[in-house]
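J.: Counting from 1 along the sequence shown, just add 1 to a position and that's the residue number in our numbering.
The beta carbon of each residue, even a glycine, is placed where N, CA and C say it ideally should be.
From a predicted model like this one, the values you see are computed outputs, not experimental measurements.
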Amino acid sequence: MARRLTPEEFGVPTVHFYLLSTAILTTREGFRRALMRDSVKDASLGYAWLVLPIGGFLSIVIPLGVIWSQNISTREPYGLALLYYGAAAFIELCAEPYYIRAMRMSAFKLRLFAETTSTVLRSVLTYALVSANQNNVVMAFAYSQVRVNFISRGN
2 MARRLTPEEF
12 GVPTVHFYLL
22 STAILTTREG
32 FRRALMRDSV
42 KDASLGYAWL
52 VLPIGGFLSI
62 VIPLGVIWSQ
72 NISTREPYGL
82 ALLYYGAAAF
92 IELCAEPYYI
102 RAMRMSAFKL
112 RLFAETTSTV
122 LRSVLTYALV
132 SANQNNVVMA
142 FAYSQVRVNF
152 ISRGN
């Protein structure tokens with residue numbers, strides 16, 4: 002797929018959007034580190050739900066901040082794709098309390114299955130959407146991110 006795309010078409014989704022997602026998804030790392038320790042009581046796992054309001058706030062503020070600071074219209078594909086990546090990051094964060102609970106219960110087979118399925122599905126869907134939408138690659142990457150997160154984590 003990378004051979005068929007221009008550097009701009011490949012670079013924006015693979016660098017810009019993943020930086021955006023990383024900025025939002027770092028919210029969960031503090032919760033993961035704290036709640037995955039052996040010394041944490043099971044009653045403290047309720048704090049895992051705090052990742053949702055914090056992540057929700059960041060998934061709105063960060064894309065809008067980028068759009069505002071760079072004077073991008075949300076009617077442009079890039080501006081709309083930024084909003085989609087923010088939504089995809091929030092959808093991914095919605096699974097975080099369940100992820101932490103599963104890891105505390107040592108459900109490693111569940112994690113292996115979920116992450117493998119998600120990665121394969123994301124790859125296939127991204128390839129299919131980019132191949133079908135050669136004139137709007139940025140939106141194809143954004144659609145695949147939202148759809149995979151909704152399918153694999155939204156259930």
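Have a look at alanine 115 and serine 22 and give me their C-alpha separation to the nearest angstrom.
T.: Whole-angstrom Cα-Cα distance: 19 Å.
J.: Take the Cβ of valine 125 as the centre, count every other Cβ of all protein chains shown within 10 Å, and call the residue buried at 16 or more, exposed below.
T.: Counting Cβ neighbours within 10 Å, valine 125 comes out exposed, since fewer than 16 surround it.
J.: In its own chain, which residues sit with a C-beta less than 8 Å from the C-beta of tyrosine 79, not counting the 5 before and 5 after it?
T.: Closer than 8 Å at Cβ, skipping near neighbours: Val13, Ile73, Val139.
J.: What number of angstroms, rounded off, separates the C-alpha of asparagine 156 from the C-alpha of alanine 88?
T.: Caution is warranted here: a pLDDT of 46 is assigned to asparagine 156, below 50, making its placement in the model unreliable, and the coordinate value is therefore given only provisionally. Whole-angstrom Cα-Cα distance: 16 Å.
J.: Tell me the rounded alpha-carbon separation between isoleucine 92 and valine 147.
T.: Distance between the alpha carbons of isoleucine 92 and valine 147: 8 Å.
J.: Roughly how many whole angstroms lie between the Cα atoms of tyrosine 99 and tyrosine 86?
T.: Approximately 21 Å, taken between the alpha carbons.
J.: CB-CB under 8 Å to serine 52, same chain, minus the five flanking residues each way: which ones, in chain order?
T.: In the sequence as displayed, the identity of residue 52 is valine instead of serine. Hits under 8 Å: Thr28, Arg29, Phe32, Leu94, Glu97, Pro98.
J.: What are the boundary residues of the alpha helix (DSSP H) that includes tyrosine 79?
T.: It spans 78-95 - the alpha helix (DSSP H) in which tyrosine 79 sits, taken as one unbroken run.
J.: Could you work out which residue in Phe151, Leu130, Tyr48, Asn150 is closest to leucine 6 when comparing CA atoms only?
T.: Nearest of Phe151, Leu130, Tyr48, Asn150 to leucine 6, Cα basis: Leu130.
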